[in-house]
Amino acid sequence: MEKRNLRKERVGVVTSNKMEKSVVVSEVKRVKHPMYGKFVLKTKKYVAHDEKNDCNIGDTVKIMETRPLSKTKCWRLVEIIERAK
361 MEKRNLRKER
371 VGVVTSNKME
381 KSVVVSEVKR
391 VKHPMYGKFV
401 LKTKKYVAHD
411 EKNDCNIGDT
421 VKIMETRPLS
431 KTKCWRLVEI
441 IERAK
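Just remember that our numbering sits 360 ahead of the position in the sequence shown, which is counted from 1.
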């Protein structure tokens with residue numbers, strides 16, 4: 361039996377839930393500028409599969425890498441860590 365590689369996981373904030381069974385999750389990273397040393401915010405967006413359609417904008421969620429589900433979707437929702445206030 362062949363061992364499967366570990367799947368990537370990300371934590372981010374839901375920025376859009378207008379699609380059916382899909383959400384856009386933004387992950388914000390603080391990266392130090394290589395020359396000037398100042399911290400810069402880098403944002404990466406992921407389109408994730410939300411089977412039950414229960415995410416709202418502002419929720420903090422955990423997503424996991426999966427097989428391609430559509431042209432842009434290759435992540436799925438694992439859990440909702442914190443609901444938006």
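Think of the CB as a built atom: it goes at the ideal place given N, C-alpha and C, for glycine as much as any other residue.
Please name the residue in the options whose C-alpha comes closest to that of residue i.
| i | options | result |
| --- | --- | --- |
| I423 | L401, K392, V385 and E380 | V385 |
| E387 | D414, T432, R443 and L401 | L401 |
| V371 | K433, L429 and E425 | E425 |
| T432 | K405, K368, I441 and V438 | K405 |
Is the Cβ-Cβ distance between residue i and residue j less than 9 angstroms?
| i | j | result |
| --- | --- | --- |
| R436 | H409 | yes |
| V373 | V407 | no |
| V383 | C434 | no |
| G418 | K381 | no |
| T375 | K389 | no |
Could one say the Cβ of residue i lies closer than 9 angstroms to chain D's Cβ atoms, at least one of them?
| i | result |
| --- | --- |
| R390 | In the structure shown, chain D does not exist; there is a single protein chain. |
Using a 10 Å radius around the Cβ and a threshold of 16 neighbouring Cβ atoms, would you call residue i buried or exposed?
| i | result |
| --- | --- |
| V391 | exposed |
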